[in-house]
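S.K.:
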Amino acid sequence: MADFQLKGNSYYNFGNGLKVNNDRLTNELVIEFLKVNPERIKLFSKYPGNWKDLVGITPKSKILNSLTKWFK
277 MADFQLKGNS YYNFGNGLKV NNDRLTNELV IEFLKVNPER IKLFSKYPGN WKDLVGITPK
337 SKILNSLTKW FK
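Residue numbering for the sequence shown is 277 to 348, as defined by our numbering.
(1) I'd like to know whether the C-beta atoms of residue 306 and residue 280 end up nearer to each other than 7 angstroms.
(2) In three-state terms, what does DSSP make of residue 320?
(3) If we ignore side chains and look at the alpha-carbon of each, how far apart do residue 319 and residue 309 end up?
(4) Have a look at 298, 301, 333 and flag the residue whose alpha-carbon is nearest the alpha-carbon of residue 314.
(5) Rounding to the nearest angstrom, what Cα-Cα distance links residue 324 and residue 299 in this structure?
(6) Let me know if residue 294 comes out buried or exposed under the rule of 16 or more other beta-carbons within 10 Å of its beta-carbon.
(7) Helix or strand or just coil, what does DSSP make of residue 301?
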């Protein structure tokens, strides 16, 4: 069972003709789907708090914090 849940259990086209609903979701599939466009998170009613880390998005605050140590 995936840690993600689509809103309304609708079918969504995940690309290449793949239509998915909550019964067919896997974490790996959702992560690849979100890598293409992170704004797609709006399609989900449930997702882990660390979804950005899973997708590989670095929050701007982390980037700024890492840069400030170099310029002190």
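Just so you know, even glycine gets a beta-carbon here, dropped at the ideal spot from N, CA and C.
M.R.: Per the coordinate set shown:
(1) yes
(2) strand
(3) 11 angstroms
(4) 333
(5) 18 angstroms
(6) exposed
(7) Three-state result, residue 301: coil.
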